[in-house]
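Heads up: the sequence shown at position 171 corresponds to 277 in the numbering used here, and the numbers run straight through without jumps. Yeah, the Cβ is synthetic: ideal placement off N, Cα and C, and Gly gets one too.
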Amino acid sequence: MTKTALNTGSLLLLLMLIYTGLFTGDRTTWLMEVTPVIIIVPLLLATHRRYPLTPLLYTLIFLHAVILIVGGMYTYAKVPIGFEVQEMFNLSRNPYDKLGHFFQGLVPALAAREILVRGGYVRGSKMTSFLVCCVALAISATYELIEWWAALAMGQGADDFLGTQGDSWDTQSDMFCALLGALTTVLVLGRFHQRQLARLS
């Protein structure tokens with residue numbers, strides 16, 4: 107991915123952050139949801155020349171950032187498109203947060219795969235696949251711990267950040283969605299990603 111494309115994507119995300127930050131109904135929840143974007147995007151810009159990533163990974167990071175920003179603006183349980191999907195499939199809850207958790211597995215798994223393969227840290231595709239799934243699940247579990255700490259610190263004020271919508275199995279289903287995202291990296295995107303890595307090297 108060219109520097110121009112990266113700068114354009116970063117500018118779009120910045121504009122989205124400004125807009126959603128101004129018009130969100132709950133700025134504290136918004137800030138908690140978009141903090142990963144605020145941290146990662148400058149880091150990617152700073153490391154682009156020294157350690158460029160594959161176009162696939164940059165693209166998926168951008169999409170994940172959009173999901174986080176939109177979720178931050180409305181809170182995950184109230185994203186309008188989620189209600190449309192809920193009605194379409196007659197679901198018991200707004201499923202938008204599950205999309206976020208799917209990407210929470212997909213993107214870290216792809217990033218882990220990129221680092222492991224490029225660095226030659228692991229031999230064999232099976233071990234690489236196993237480890238990238240482990241990384242994705244570890245990140246998912248860490249996020250669930252953060253949600254737990256937020257619930258303890260904020261009490262009822264954490265409901266919008268948690269987005270459980272009364273689901274007692276929300277934590278487990280969130281991690282399952284992350285696992286599905288990681289498996290998508292391994293089983294669906296692996297060969298395409300490998301070709302991009304070959305061109306990058």
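Own chain, CB closer than 7 Å to residue i, minus 5 neighbours either side, in chain order
{"i": "residue 160", "result": "220, 299, 302, 303, 306"}
Check whether residue i and residue j have beta carbons under 8 Å apart
{"i": "residue 242", "j": "residue 288", "result": "yes"}
{"i": "residue 211", "j": "residue 246", "result": "yes"}
{"i": "residue 318", "j": "residue 147", "result": "Absent from the model: residue 318. The displayed extent of the chain is 107 to 307, so no value can be given."}
{"i": "residue 143", "j": "residue 171", "result": "yes"}
{"i": "residue 295", "j": "residue 216", "result": "yes"}
{"i": "residue 223", "j": "residue 166", "result": "no"}
Own chain, CB closer than 6 Å to residue i, minus 5 neighbours either side, in chain order
{"i": "residue 239", "result": "288"}
Through-space distance from residue j to residue i, alpha-carbon basis
{"i": "residue 140", "j": "residue 175", "result": "6 Å"}
{"i": "residue 235", "j": "residue 138", "result": "31 Å"}
{"i": "residue 200", "j": "residue 179", "result": "15 Å"}
{"i": "residue 128", "j": "residue 115", "result": "20 Å"}
{"i": "residue 122", "j": "residue 177", "result": "12 Å"}
{"i": "residue 248", "j": "residue 124", "result": "28 Å"}
{"i": "residue 204", "j": "residue 131", "result": "21 Å"}
{"i": "residue 193", "j": "residue 290", "result": "26 Å"}
{"i": "residue 190", "j": "residue 228", "result": "43 Å"}
{"i": "residue 277", "j": "residue 196", "result": "22 Å"}
{"i": "residue 281", "j": "residue 254", "result": "14 Å"}
{"i": "residue 153", "j": "residue 109", "result": "11 Å"}
{"i": "residue 126", "j": "residue 133", "result": "9 Å"}
{"i": "residue 283", "j": "residue 185", "result": "18 Å"}
{"i": "residue 225", "j": "residue 198", "result": "44 Å"}
{"i": "residue 279", "j": "residue 251", "result": "14 Å"}
{"i": "residue 163", "j": "residue 232", "result": "20 Å"}
{"i": "residue 91", "j": "residue 149", "result": "The structure shown does not extend to residue 91, since the chain spans only 107 to 307, so no value can be given for it."}
{"i": "residue 156", "j": "residue 230", "result": "26 Å"}
Buried versus exposed call for residue i [16 or more other C-beta atoms within 10 Å across all chains shown]
{"i": "residue 208", "result": "buried"}
{"i": "residue 202", "result": "buried"}
{"i": "residue 259", "result": "exposed"}
{"i": "residue 188", "result": "buried"}
{"i": "residue 145", "result": "exposed"}
Contact set for residue i: own chain, Cβ-Cβ below 8 Å, skip 5 residues either direction
{"i": "residue 113", "result": "151"}
Any C-beta of chain D under 8 Å from that of residue i
{"i": "residue 277", "result": "This model lacks chain D altogether, as it is built from one protein chain only."}
Alpha helix (DSSP H) runs wholly inside the region 139-227, at least 4 long, in chain order: 161-180, 186-194, 202-225
Inside the region 267-307 only - alpha helix (DSSP H) runs reaching at least 4 residues: 276-293, 296-306
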